[in-house]
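Visitor: Just so you know, the protein sequences line up as chains A and B, in that order. Residues -16 to 118 (the numbering used here) are what the first sequence spells out, left to right. Residues 1289 to 2204 (the numbering used here) are what the second sequence spells out, left to right. One structure is given below, represented as structure tokens, and several questions about it will come after.
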Amino acid sequence: MQLDKVLHVEDDESIRMIVEMALVDLSGFTLLACENGADAVAQVEQFEPDLILMDAMMPGMDGLQTLVKIRENPNCHNIPVVFMTARIQQAEKQQYFDAGAVAVIEKPFEATSLGDDLEAIYQRFIASSVAIAQD
Amino acid sequence: MQTPALPLNEQERLSALQLTGLLDTEPEQRFDRLTHLAKLALGTEIVLISLVDSERQWFKSKQGIDACETGRDISFCGHAILNEHIFEVPDASLDVRFSDNPLVIHAPFIRFYAGVPLTRSGLRIGTLCFIDSTPRLFSSKEREIATGFAKTVEQEIEDRLQEQAHQQLAASEQMYRSVLEGTRIGTWQWNVQTGDTIFNQRWAEIVGYTLEELAPISIETWLKLAHPADLDESGQLLQAHFAGHSPFYDFKCRMKHKDGHYVWVHDRGRVVSWTDDGKPLMMYGTHADITEQKQSEMALLQSRDQFKTLVANIPGITYRCKADEHWTMLFMSGHIDFISGYPASDFIDNAVRSYASVIHPDDCSSVEQEVAEAITNQTPWVLRYRILHANGSVRWAEERGAAEFDERGQVLYLDGFILDVSNEQKLQEQLVKLTQQLPGVVYQFQLWPDGQTAFPYASAGIEQIYGVKSEDVRTDASIAFSKIYPEDLAAVAQSIDDSRQQQKIWQHEYRVFKNDQSLKWLSGKATPELLPDGSTLWHGYIEDITQKKEYYLQLESLNQQLKVAQQCLDLASEQAKIGYWQASLKHGSLWWSPMIYQIFGFESDEIVPSVALFKSTVHPDDVAKVEQSEQQAKLTGIHNVVHRIIRPDGEVRWVHELAQLVPEDENPDLMLIGSVQDITERMKLQQVKDEFISTVSHELRTPLTSIYGALNLLQAGNLVQLPPKAEKLIGIASSNCQQLSRLINDLLDIEKLVAGKMLFEMKQVCISPVLKRAMNDHQPYADQLKIRLVLDLEPQLDCYQLQVDEHRLMQILTNLLSNAVKFSPSGGKVVLSAMHVGDEIEIAIQDQGPGIPEDFQHKIFQRFSQADASSAKMKGGTGLGLALCKELVEAMQGSIGFHSGAGAGARFYLRLPIAK
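Quick look at the structure:
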């Protein structure tokens, strides 16, 4: 299964545009961009993304809080979430993994390879999910 | 008339006569009966047993005559004894030899005489003679009868002698027996050959038996009762006697009494007869009970031993000598050996030397003189003199002695006791020397009730103290008092009087005039002693304390200065909120200046500072940091730590401790002296600054992300085709964007490190894979600049593991490697090596670049430091890399350094601890 639908949550408009160019124009994914956590929570069920790319630091609900909210919806339990954040230490990263993130991408990121990177993350996720389902 | 001649053997004849013991004895029947019978048998008027003495003839028995003797000159018997056989005179009146003999002319008117010689031991001692007043001639028959009677008389004489001898023997035996009984001595007779033995009753009594109880008696009886231990010696003595080596067998031994105890007996005996072949046969002896004697002998020995021990234990010499001119020694105890080096036996009887000979020649005459005077005055003597020891040394002796007089006042002996007082003498001499060395005066001061004063003793130091000589004040102390400064005199007198009245130690400080009339300070101390005459004697010491006084005054002034300095310090410390303290790491004691109480929020009267109290105030998260700094202080002497404390009211404050360990040789208690400054305000500012930087960095990063992303997409070329110039511009923008991003990252890392917010994941790491990875990561960059990367690892390196945060270590290596590559000339070489050095692994990066300029070396690890601005621009460094490396290495307990000569490249190394 190929990655197709990505839900991007990011308060900074410039970054939203860069990501859109990278994922849609370069990689051909279907993208839904939300400018805050609340929007994302509201639209996630209907959009049914394959993967959520979430900025960590946002005004209002931050990335972690948004994730918790999304997970409250039973239909959204299994959507993989990738956090995007300013460069942080290994120990800080752990809290995102603990909250259910499958990967953390540091800012600034390589826009040209972002699609490939997300595809790789998604495939790893699928593989591990199949493995878990088979267990 | 013819007098009879003397026989040739007259002298022997007379002796033999004497031995018969007949002369002048009473008439005896045994002889009278014979003469009577002879008279009847031969019918003569007179029969006599006549013994011819030297001047007379004496009649032991007589018949028919009254006279008992006549002179030898007129005797017929004198003639008769000259003949061997019977001598006959038929008619004396007709015989010229006798015709005018008074015994012929007068009564008894002898006409016939016949005398048969009486012989004893072959010597004719007298006659048996027959006399008649009418002439006659014996027939041969009559002669035979007469001779027969003479033989019988001879036999009677012999028998009589035998009887007498026997009687005498019996009497003497009786006497000896009585004597023996009186001495209570036992006797014994022993047949050595048969063993037959006879003891008397007394022998048995000595061992508590009767003879009947001991029967049958043999030599076994003795052997059985004798003490087994004595038998051997007894046997030896016996054999010695048998062999003729001793005239007697003489032995004292123990015998078992019937009661079971042993009695001491003295046996003495000798062999009285021998067998024909020379063996001892009969042996007679005595056996005396000497138990009492033995006991008293032993008691005597014991008391003598006691006396000897007693004398030997007296730590001196006791002696007794004659009062002669040589002092002939009668007794001298063994201790003389110690003091003179000669044994006592040398002196006894002056055998080898006299006592006077060991007395020092200089002392000899005075000793003799004093002893002589003491004897004359009948007083004891006490002398002190020197003795010349055999080894050449001189010892001091003290002798106490007295003469012993008889009732007539004559000197019998000199008795005495000599003590080795060398040590005492030495001590005394030392004491005198010591008191001479003392800077003050040791003295005795006496005060009588009438006010008279004196210094009976004062050491030489009195001259320095009072400017007088000790003899000047021995009987009158007033000169010394005249030296006392008038203003002080009354107080001195008062202090002496107080000491006297209360009998308490006198202690006083006062001034006296020196000879140049300047003043000096004295301090005295003395103990009073009340004497029987009502006076008081002080024993004490006075010293010159002028200099001490001066020092004291200087000290006072210094103290004053110190007080001022203290006040300044207090003021300054209050202004700067710096307190100071002193702690003993060994005892845990702590002293705080007042400011510290204020900083820590304590009241000075509420608590007593201690290291434990201080520790309790340290913020729990900072305890380890503080302890680490203390450990560091023990090594480096410097304690430097910033930490938080929690005050009793709960407020958290920041303090900076800076302390120094007092150098060890003068600091057995591990004293740490330091300051503590309240830096809470500064820390708050710091925090604000840190937050600001963090925020700014973060805020910077968001737009940077967009710029970088946009440039990234433009460069990709997939989206937009750009003219070459635009592409070049975008390349410049992109590279500067990366540079800015690194700068922000480094800045954030540094701030985190400094604020202690950087978290490390310390793990045991094998170093070679990390190094290989670092090499590989830089290979593309190096290839690009045509730099050869070389890895040089010690073969045993994999034996060690490092305790590090691998990610951070990689960060450091990246920094150093990229620097090395960056500064190396094209075609050069960068060597990454690792080896173990002691407890650490040294990782080094050597490049072939231009090296580090000398004027830059000291600040190479400072933030934002670059050798020159142009190189920064050229090489694209942030100026934070090495500062960050240093912070990271040190946070992992390691160290970083470099070697560089201009033009010789640079070698950066880091040392990290090997995991234990």
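Ideal Cβ placement from N, Cα and C applies to all residues, glycine included. No experiment lies behind these values; they were computed from the predicted model shown.
Which whole-angstrom value describes the C-beta separation of VAL1404/B and ILE1374/B, a residue pair presumed to lie in contact below a C-beta threshold of 8 Å?
Guide: About 5 Å; that satisfies the 8 Å criterion.
Visitor: Using a C-beta cutoff of 8 Å, does THR1983/B count as contacting chain A?
Guide: No, THR1983/B lies away from the interface with chain A (no Cβ there is under 8 Å from its Cβ).
Visitor: Flag this pair as touching only if the stretch 1728 to 1737 of chain B and the stretch 1750 to 1766 of chain B have three or more C-beta atom pairs under 8 Å; answer yes or no.
Guide: Touching, per the Cβ criterion.
Visitor: Here's a check: name, in chain order, each residue in its chain whose Cβ is nearer than 7 Å to the Cβ of ALA1368/B, leaving out the five neighbours to either side.
Guide: Counting only Cβ-Cβ distances below 7 Å, and skipping sequence neighbours, we find PHE1375, GLY1403, PRO1405, THR1415 and CYS1417.
Visitor: Are the C-beta of ILE1/A and some C-beta of chain B separated by less than 8 Å?
Guide: For ILE1/A, the answer is yes, since a Cβ of chain B falls inside 8 Å of its Cβ.
Visitor: Could you check what DSSP says for MET2162/B in three-state terms: helix, strand or coil?
Guide: At MET2162/B, the pLDDT of 44 sits below 50, so the modelled position is not reliable; the number obtained from the coordinates is stated separately. If DSSP states are grouped into helix, strand and coil, MET2162/B belongs with the helices.
Visitor: Does DSSP put ALA1678/B in a helix, a strand or coil?
Guide: Looking at ALA1678/B - three-state DSSP - the assignment turns out to be coil, as it is neither helix nor strand.
Visitor: Which residues in the same chain as ALA2192/B place their Cβ atom closer than 8 Å to its Cβ, once the five residues preceding and following it in sequence are excluded?
Guide: So the list reads GLY2139, once near-sequence residues are dropped.
Visitor: By Cβ distance below 7 Å, which residues in the same chain neighbour GLU3/A in space, the five residues on each side in sequence not counted?
Guide: Excluding positions up to five away in sequence, the list reads LEU14 and ALA16.
Visitor: Report back the beta-carbon spacing between THR1336/B and PHE1347/B to the nearest angstrom; my notes put them in contact at under 8 Å.
Guide: Reading off the sequence shown, one finds Leu at residue 1336/B, where the question assumed Thr. So it is a contact: roughly 5 Å between Cβ atoms.
Visitor: I need the straight-line Cα distance from GLY1680/B to SER1654/B, nearest angstrom please.
Guide: Cα-Cα distance, rounded: 22 Å.
Visitor: Using a Cβ-Cβ distance under 8 Å, would ALA2160/B count as near chain A?
Guide: Residue confidence is low: ALA2160/B scores 44 on pLDDT, short of 50, so the model does not pin down where it sits. No coordinate-derived value is stated.
Visitor: Measuring only the C-alpha atoms, how far is LEU1722/B from LYS1714/B?
Guide: Approximately 12 Å between the Cα atoms of the pair.
Visitor: For GLY1997/B, decide whether its Cβ has a neighbour in chain A, counting only Cβ atoms nearer than 8 Å.
Guide: By this cut-off, GLY1997/B is an interface position.
Visitor: For ARG2199/B, which residues does DSSP report across the bridge?
Guide: DSSP, once it has assigned bridges, lists GLU2130/B and SER2183/B as partnering ARG2199/B.
Visitor: Span of the beta strand (DSSP E) holding ASP1420/B?
Guide: It spans 1411 to 1420 - the beta strand (DSSP E) in which ASP1420/B sits, taken as one unbroken run.
Visitor: Is the stretch 2172 to 2183 of chain B touching the stretch 2034 to 2048 of chain B, taking contact as three or more C-beta pairs under 8 Å?
Guide: The stretch 2172 to 2183 of chain B is in contact with the stretch 2034 to 2048 of chain B.
Visitor: Can you check DSSP and say which residues form a bridge with GLN2089/B?
Guide: Answer is CYS2054/B, bridged to GLN2089/B.
Visitor: Which partner residues of ASP1405/B appear in the DSSP bridge assignment?
Guide: In the sequence under discussion, the amino acid at residue 1405/B is Pro, which differs from the Asp named in the question. PRO1405/B pairs with THR1415/B.
Visitor: I want to verify the contact list: residues of chain B whose CB lies under 8 Å from the CB of MET44/A, in sequence order.
Guide: Near MET44/A there are no residues of chain B at all, since even the closest Cβ is about 18 Å away, more than 8 Å.
Visitor: Interface residues of chain B around ILE88/A at Cβ under 8 Å?
Guide: Going along chain B, no residue has its Cβ under 8 Å from ILE88/A, so there is no contact; the nearest lies around 11 Å.
Visitor: Please go through the same chain and pick out, in chain order, the residues whose beta-carbon is closer than 7 Å to the beta-carbon of ALA2224/B, but skip the five residues on each side of it.
Guide: In the structure as shown, chain B begins at 1289 and stops at 2204. Residue 2224/B is therefore absent and cannot be evaluated.
Visitor: Whose Cβ in chain B lies nearer than 9 Å to the Cβ of LEU9/A?
Guide: Neighbours of LEU9/A on chain B, chain order: LEU2001, ALA2004, ASN2006 and LEU2007.
Visitor: Against chain B, does SER112/A count as a neighbour if the rule is that its beta carbon must be under 8 Å from one of theirs?
Guide: Closer than 8 Å: no.
Visitor: Using only CA atoms, which one of THR1924/B, LYS2060/B, LEU2168/B and ILE2055/B lies nearest to ASN2107/B?
Guide: Cα-wise, what sits closest to ASN2107/B is LEU2168/B.
Visitor: Take every Cβ of the stretch 1583 to 1600 of chain B, pair it with every Cβ of the stretch 1640 to 1657 of chain B, and state whether three or more of those distances are shorter than 8 Å.
Guide: Output reads no: the stretch 1640 to 1657 of chain B does not touch the stretch 1583 to 1600 of chain B.
Visitor: Between TYR1550/B, ALA1587/B, MET1586/B and LEU2170/B, which lies nearest to ASP1577/B when the distance is taken from Cα to Cα?
Guide: Cα-wise, what sits closest to ASP1577/B is TYR1550/B.
Visitor: Have a look at the DSSP bridge pairing and note the partners of LEU1818/B.
Guide: Its beta-bridge partners are THR1824/B.
Visitor: At least one CB of chain A closer than 8 Å to the CB of ARG1989/B: is that the case?
Guide: True, the Cβ-Cβ gap to chain A drops below 8 Å.
Visitor: Could you tell me whether the stretch 1959 to 1971 of chain B touches the stretch 1917 to 1935 of chain B, using the rule of 3 or more Cβ pairs below 8 Å?
Guide: Result yes; three or more Cβ-Cβ pairs closer than 8 Å.
Visitor: Listed in chain order, which residues of the stretch -16 to 1 of chain A have Cβ atoms closer than 7 Å to some Cβ of chain B?
Guide: Residues ASP(-5), SER(-3), ILE(-2) and ILE1.
Visitor: Report buried or exposed for LYS2110/B, applying the criterion of at least 16 other Cβ atoms within 10 angstroms of its Cβ.
Guide: Buried: at least 16 other Cβ atoms inside 10 Å.
Visitor: Restricting to Cα atoms, I'd like to know which of GLN1456/B, ARG1360/B, THR1308/B and ASP1312/B is closest to PRO1292/B.
Guide: Of GLN1456/B, ARG1360/B, THR1308/B and ASP1312/B, the residue nearest in Cα terms is ARG1360/B.
Visitor: Return helix, strand or coil for ALA2157/B, following the three-state DSSP convention.
Guide: With a pLDDT of 47 at ALA2157/B, under the threshold of 50, the predicted position of this residue should be treated as unreliable, though the coordinate-derived value follows. Helix, per DSSP.
Visitor: Three Cβ pairs or more, each shorter than 8 Å: is that satisfied between the stretch 1452 to 1460 of chain B and the stretch 1534 to 1541 of chain B?
Guide: Counting Cβ pairs under 8 Å, fewer than three are found: no touch.
Visitor: Closer than 9 Å by beta-carbon distance: list the chain A residues that pair up with HIS2146/B, in chain order.
Guide: Result: empty, since nearest Cβ-Cβ is about 32 Å, beyond 9 Å.
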